[in-house]
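In our numbering, the protein residues as written are 1475 to 1803.
We put the CB at the ideal spot given by N, CA and C, even for glycine.
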Amino acid sequence: MIDWIKQIIEGNKRVAMPIMTHPGIEYIGKHVVDAVTNGETHFRAIEAVVERFNMAACTVIMDLTVEAEAFGSKIEFATDELPHVVSRLVASEADAQQLRVPDLTAGRVPEYLKANRLAAQRFTDRPVLAGCIGPFSLAGRLYDMSEIMVAIYIEPDTIGLLLQKCTDFLLKYCHELKQTGVTGVIMAEPAAGLLSEEDCQAFSTQYVRQIIDAVQDDTFTVILHNCGNRGQCTQAMVDSGAAALHFGNAIPMTDALRDCPTDRLIMGNIDPVGILKQATPEVVFQQTTQLLEQTASAKNYVLSTGCDVPLVPEANIAAFYEALAQFNR
C-alpha cells in the first residue's frame, strides 16, 4: 500500500476510486437486503462493479449498522435500502458499564468478513478495501445521536467508557479484516463531522488513532472517511494518522487539499445522490471535469465520490469515468 500511494502521488495520471458497490447489486439481479445479509452475494456485487469499471481499488458496501447489530442493536431491513438502527441500546452509565464487547461471530460480521475474504482472493491486481464504522459514529448509534451530542458535555465519562468499548471491538474487527487479505479499510466516521475541532479530537480522533496505530503498516492502509466535515475538523482527521483521508461534498475539495499534508492521499467528493443519482450524464461529466480541473495541481488527489454510491444510472457512472479519461488525455 505504501508503494500504491507513492505511485499515485508520483504518477502523471489521475486515478478514480469511487466508493461504489450498490450498482453491482443491480447488475447481478439482487436486492440490497441480499447483499447486506449474504457475504457471497456481497462479493458478487463487488466483482460486477470492478469488472465493469476502471476502479483503482475495490470497495465494499458502507453499511453502518453491522457493528451496532453485533453489540445487540435492533436493525430494520428494507428490500432496496441500507438497514438502519431502530432503537437505543445504551441510555445510562450503568448500561455502558454492562455493555459487553461482542466477538466476531455476532450478527452479520461473519458475512462481511466472508465478502472481504472472497474479494481479496479474487482481486490481486489492485487494493481491496474493507469497511468499518468509526468509534464516535458507532457510539452514536448505540446511545442515539441526539442524546450523545448532549452527553459528551454532561456525561463525558460515560461516553468515554462507551467509546473505549466501541474502539476495542473495532480494533478486533480491523485485525480480523486484515487477516482476510484485504489491503486496507475505509473507516466511516461521519458523525464526527457534527463536532467542533476540539470535541472531534477528544471524542473521535484519540480513539480512531488507537486503531490506526495498531493496524496500519506498509501493507494495510486506513482511509478515514468523514462526509460530515465542513472544514471545522479537518485537522482532527489529519491527526488521526490515517494514510488517506476521504471527504464528502460538505466541504470544497480545494479546501480539504489546502489543509492536508501532501504525503497523504486525499479523496472525494462528487455528490453521490445530487449528481450521480439525480443529474443527467451531461451534468455528471461537467461536474466531474470541473472537480478534476480545480484539483489539477494536487498530486495526492484521488477522484472519488463524497460517500457510498446508491443505485444510480449506469450512464452516469460512464460519464464520471469518461470525464476522467478525457482529463487524463
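>> Less than 9 Å between the beta carbons of Gly-1513 and Leu-1587, yes or no?
In response: Remark: C-beta atoms of Gly-1513 and Leu-1587 approach each other more closely than 9 Å.
> If you scan the stretch 1740-1790 from start to end, which runs of the alpha helix (DSSP H) of 4 or more residues do you find wholly inside it?
Replying inline: As far as the stretch 1740-1790 is concerned, its whole alpha helix (DSSP H) runs of at least 4 residues are 1755-1768.
>> Can you give me the C-alpha to C-alpha distance between Val-1489 and His-1720, rounded to a whole angstrom?
In response: Our two residues, Val-1489 and His-1720, have alpha carbons roughly 14 Å apart in a direct line.
> Taking C-alpha atoms, which residue in Val-1534, Glu-1500, Ala-1530 lies nearest to Ile-1482?
Replying inline: Residue Ala-1530 is the option with its Cα nearest to Ile-1482.
>> Rounding to the nearest angstrom, what Cα-Cα distance links Gly-1614 and Ile-1499 in this structure?
In response: Using only the alpha carbons, I get a separation of about 28 Å.
>> Checking 9 Å against the spacing of the C-beta atoms, do Thr-1539 and Pro-1492 come in under that value?
In response: No, the Cβ-Cβ distance between Thr-1539 and Pro-1492 is not below 9 Å.
> How would you label Ile-1628, buried or exposed, when you count the other beta carbons within 10 angstroms and need 16 or more for buried?
Replying inline: Per the 10 Å Cβ criterion, exposed.
>> Going by beta-carbon coordinates alone, are Val-1696 and Ala-1716 separated by less than 9 Å?
In response: Ala-1716 is positioned such that its CB atom lies closer than 9 Å to that of Val-1696.
>> Tell me which residues share the same chain as Ser-1611 and place their Cβ nearer than 8 Å to its Cβ, disregarding the 5 neighbours each side in the sequence.
In response: If we look at Ser-1611 and ignore the five residues flanking it on each side, its Cβ neighbours are Leu-1538, Ala-1662, Glu-1663, Pro-1664, Ala-1665, Ala-1666.
> Quick one: Cα of Ile-1686 to Cα of Val-1776, how far?
Replying inline: Each residue's alpha carbon lies about 21 Å from the other.
> When DSSP builds the beta bridges, which residues end up paired with Asp-1691?
Replying inline: DSSP lists Phe-1694 as the bridge partner or partners of Asp-1691.
> What are the boundary residues of the alpha helix (DSSP H) that includes Gly-1513?
Replying inline: Residues 1513-1526.
>> Quick check: the stretch 1580-1595 against the stretch 1629-1637, are at least 3 beta-carbon pairs closer than 8 Å?
In response: Cβ pair count under 8 Å is below three, so no.
> Can we say the stretch 1764-1778 touches the stretch 1719-1734, given the rule of at least three CB pairs closer than 8 Å?
Replying inline: Because the criterion of three Cβ pairs below 8 Å is met, the stretch 1764-1778 and the stretch 1719-1734 touch.
>> For the pair the stretch 1791-1800 and the stretch 1755-1766, tell me if three or more CB-CB distances fall below 8 Å.
In response: Output reads yes: the stretch 1755-1766 touches the stretch 1791-1800.
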